[in-house]
Each structure stands twice: as structure tokens, then as C-alpha cells.
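**Q** My structure is below; once you've seen it, I'll send some questions.
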């Protein structure tokens with residue numbers, strides 16, 4: 007691989023943005039790959055680089071999707087299994103629609119809601135009753151995620167969001183001991199970055215605070231679900247959030263995230279995922295297709 011284009015937006019609300027870019031740069035330098043960080047805020051969209059089959063393209067954080075859409079082409083190496091790969095899911099919550107169709111276990115979800123009280127009542131019944139989870143599209147780090155325990159709270163919140171024209175979904179509440187993030191690269195599952203829920207009623211799948219443990223012994227049944235979820239999301243690599251239902255012991259896939267904060271996970275696991283990512287780009291599956 008000759009060049010690696012790392013796309014970002016300096017106005018992004020993504021955590022550890024500069025650390026991600028620095029880690030990717032270091033991984034490229036160690037492998038003799040030319041590293042190019044391009045900021046959507048000051049990129050010249052009239053003369054963007056045109057990467058080819060000897061180059062890699064990666065959108066490393068939130069906020070640079072339009073730059074990615076403008077630079078991606080059929081030849082460049084990406085983390086998408088099929089071209090174009092960038093424009094189907096603008097929010098990781100939407101991928102659950104695909105999971106339902108492939109029978110990948112995931113919490114019951116109503117993907118669009120408004121403030122119609124009769125509809126909301128039917129949704130609560132479908133989701134198994136209170137408590138339920140309300141999530142606004144576009145939030146990260148647990149922001150925009152609300153646990154609701156009554157119709158009064160649901161109706162008032164729905165009225166407020168509907169007035170502001172903010173789209174939201176409703177999701178089944180799953181009681182679990184932890185929320186586990188696993189990084190998957192093709193057929194490889196790396197040790198899990200697991201946020202322990204000291205409060206049994208914790209509901210945010212990506213709260214950045216709390217005790218973290220690394221899970222290295224991953225059952226093959228869990229690995230199979232993680233790998234399948236990433237494949238069905240049209241990706242070679244992603245961070246997958248799952249919970250284990252305390253009652254049924256069954257895993258539930260919450261989200262498949264790309265881009266994701268692999269840097270933060272590496273601090274605990276002591277695994278430099280970016281090294282493995284660049285190695286994947288260097289030996290990209292597209293090379294087999296051209297021979």
C-alpha cells in the first residue's frame with residue numbers, strides 16, 4: 007500500500023480524535039506507508055486526491071462522512087465489503103433493521119416514533135412494557151439515551167422531541183451485567199472492552215465512565231455472532247456492542263460502529279488495533295480478486 011488517507015473533521019464531537027490520528031500515523035510510518043490526514047473543514051472539494059488500488063481510505067471519526075463519500079471509488083481499499091458502503095446507515099442504530107432481517111439477536115426496536123399517544127402505547131406493549139429506552143439519532147457516549155419508566159415521561163419527552171423535529175427510536179430494555187465492545191477485523195475477534203454496570207438499571211450502551219475489564223476468553227458462539235454482524239453490516243472491521251441478557255443468558259447485538267474509538271480500547275487491552283488495521287489494508291482482500 008502506497009498511501010493511507012485518514013479522513014476527519016476538526017469540529018467532530020468524537021472522543022480522542024487527535025489520539026486516533028496520531029496512532030494511525032505511527033502505524034503507517036512503521037510500515038513505510040505514506041500517511042495523509044485530511045480535514046473536512048479545510049479540504050478543497052474541487053481538487054481532492056483520487057486514491058487508487060494501491061491506497062487505503064478510512065474515515066476515522068464522526069463528521070467527515072461527506073468527505074468520505076466524495077473520495078471513495080471502486081478501486082481504493084476500504085473497510086467496506088462492497089462499494090460504495092458509506093451512505094446506507096447514517097447512524098449505527100439503523101443497522102439493527104438489517105439484523106432483524108438476518109435473525110441476528112438484537113433488542114426489539116421501533117425505529118421511528120412521533121408523539122402519537124396511541125401509537126406510543128402500542129410500542130410500549132410490543133417492547134415488553136416499562137422500562138424502555140429512548141434514543142435520539144446521532145448521539146454518542148450515552149448522550150441522547152434516556153430510560154423511561156412511565157407513560158407520563160414518555161409522552162412529555164416525545165412531545166418535546168417532536169416539537170424540535172428530533173428523530174428518535176424506542177428500544178427494549180435488556181438487564182445485563184456489562185456492555186461489551188468487541189473489535190472485529192474480518193474473521194478475527196479481539197479481546198472485549200467491557201464496561202461493568204455497577205448499577206443493575208444502567209441503560210446506556212456506550213457510557214464512557216465506569217469500571218472496565220478486558221475479556222479474553224470469548225465463547226465461539228459469541229464470536230460467530232460478532233463476525234456475522236460485521237459481515238451483514240457490509241464491513242470488514244467494526245466495534246460491536248453486545249449485552250448478555252441476565253435472565254435468558256442470550257447475547258443481544260446493540261450496535262455495529264464504524265468509525266469507532268479503537269484508541270481508547272487499546273489503552274486497556276494493550277493491543278494496538280491500528281497496527282492490525284493497517285496490516286489488513288496492506289493485505290486487503292481486494293488483492294485476491296485482482297489475481
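Residue numbers (our numbering): 7 to 297.
Glycine is no exception: its CB is placed at the ideal position from the N, C-alpha and C atoms.
Which residues does DSSP list as the beta-bridge partners of residue 153?
**A** 139
**Q** Which first and last residues belong to the alpha helix (DSSP H) in which residue 230 is found?
**A** The continuous alpha helix (DSSP H) containing residue 230 extends over residues 226 to 238.
**Q** Looking at the unbroken alpha helix (DSSP H) that takes in residue 283, where does it start and where does it end?
**A** 279 to 288
**Q** Which of the three DSSP states is assigned to residue 49 in this structure?
**A** coil
**Q** Could you give the DSSP three-state label for residue 77: helix, strand or coil?
**A** helix
**Q** State the DSSP-derived secondary structure class of residue 223, mapped to helix, strand or coil.
**A** The DSSP-derived three-state label of residue 223 is coil.
**Q** If I follow the unbroken beta strand (DSSP E) through residue 10, where does it start and stop?
**A** 9 to 14
**Q** Do residue 284 and residue 39 count as a contact pair if the criterion is CB distance below 8 Å?
**A** yes
**Q** Taking only the alpha-carbon atoms, compute the straight-line gap between residue 220 and residue 193 and give it to the nearest angstrom.
**A** 20 Å
**Q** Any contact of the stretch 154 to 161 with the stretch 189 to 204, i.e. 3+ C-beta pairs under 8 Å?
**A** Result no; under three Cβ-Cβ pairs closer than 8 Å.
**Q** Among 187, 272, 51 and 269, which one has its Cα closest to the Cα of residue 257?
**A** 187
**Q** Should residue 62 be labelled buried (16 or more other beta-carbon atoms within 10 Å of its own) or exposed?
**A** buried
**Q** Going by Cα to Cα distance, which pick from 52, 261, 50 and 80 is closest to residue 295?
**A** 80
**Q** Is it right to say residue 102 is buried, meaning 16 or more other beta carbons lie within 10 angstroms of its own, or is it exposed?
**A** buried
**Q** Using the rule of at least 16 other Cβ atoms within 10 Å of the residue's Cβ for burial, across every protein chain shown, is residue 252 buried or exposed?
**A** Flag for residue 252 reads exposed.
**Q** Buried or exposed for residue 113, going by 16 or more other Cβ atoms inside 10 Å?
**A** buried
**Q** In angstroms, rounded to a whole number, what distance separates the CA positions of residue 31 and residue 218?
**A** 27 Å
**Q** Would residue 178 and residue 245 qualify as a contact pair, given that the criterion is a beta-carbon distance under 8 Å?
**A** no
**Q** In three-state DSSP terms, what is residue 17?
**A** coil
**Q** Considering residue 263, what are the terminal residues of the beta strand (DSSP E) in which it resides?
**A** 257 to 263
**Q** Do residue 197 and residue 229 have their beta-carbon atoms positioned less than 8 Å apart in this structure?
**A** no
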